[in-house]
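Q: In the numbering used here, the protein residues as written are 1 to 105. Below are the structure tokens for one structure; questions will follow.
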């Protein structure tokens with residue numbers, strides 16, 4: 001099943017990726033562990049701009065283990081935080097430029 005998920009996230013369309021992420025969330029909630037899929041999701045799903053995938057990712061980040069067995073933060077989670085920080089910065093820049101356009105009109 002793991003290989004199938006990786007293939008879907010690398011090459012699938014948005015709807016297929018959303019269904020695979022839903023299935024992964026359900027399986028993880030039932031106790032399955034997929035530590036090797038974390039980097040694949042970061043590389044191929046996190047950068048996508050699809051609203052449904054973004055919402056599913058928020059659920060995924062809530063349930064995925066974020067620390068190692070000895071309690072240290074996973075390096076992958078730093079990548080996730082950085083991606084959201086960069087996305088937030090882009091949104092703020094867009095909001096600023098839109099407000100400047102409206103102010104000058």
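Note that CB positions come from ideal geometry on N, CA and C, so glycine has one too. Only a predicted model underlies this, so the values are computations on that prediction, with no experimental measurement involved.
1) Using three-state DSSP, classify residue 16 as helix, strand or coil.
2) Given this structure, state the Cα-to-Cα distance separating residue 19 from residue 68, to the nearest angstrom.
3) Does residue 58 pass the burial test, meaning 16 or more other C-beta atoms within 10 Å, or should it be called exposed?
4) Just to confirm, are residue 27 and residue 53 a CB contact at a threshold of 8 Å?
5) Quick one: is residue 24 buried, meaning 16 or more other Cβ sit within 10 Å of its Cβ, or exposed?
6) Does residue 73 come out as helix, strand or coil in the three-state DSSP assignment?
7) According to DSSP, what are the bridge partners of residue 67?
8) Classify residue 32 as helix, strand or coil using the three-state DSSP reduction.
9) Using DSSP with H/G/I as helix, E/B as strand and the rest coil, what is residue 50?
10) Measuring only the C-alpha atoms, how far is residue 79 from residue 34?
A: Per the coordinate set shown:
1) helix
2) 28 Å
3) exposed
4) no
5) Buried: at least 16 other Cβ atoms inside 10 Å.
6) strand
7) Residue pairing by DSSP places residue 67 opposite 73 in a beta bridge.
8) coil
9) coil
10) Approximately 18 Å, taken between the alpha carbons.
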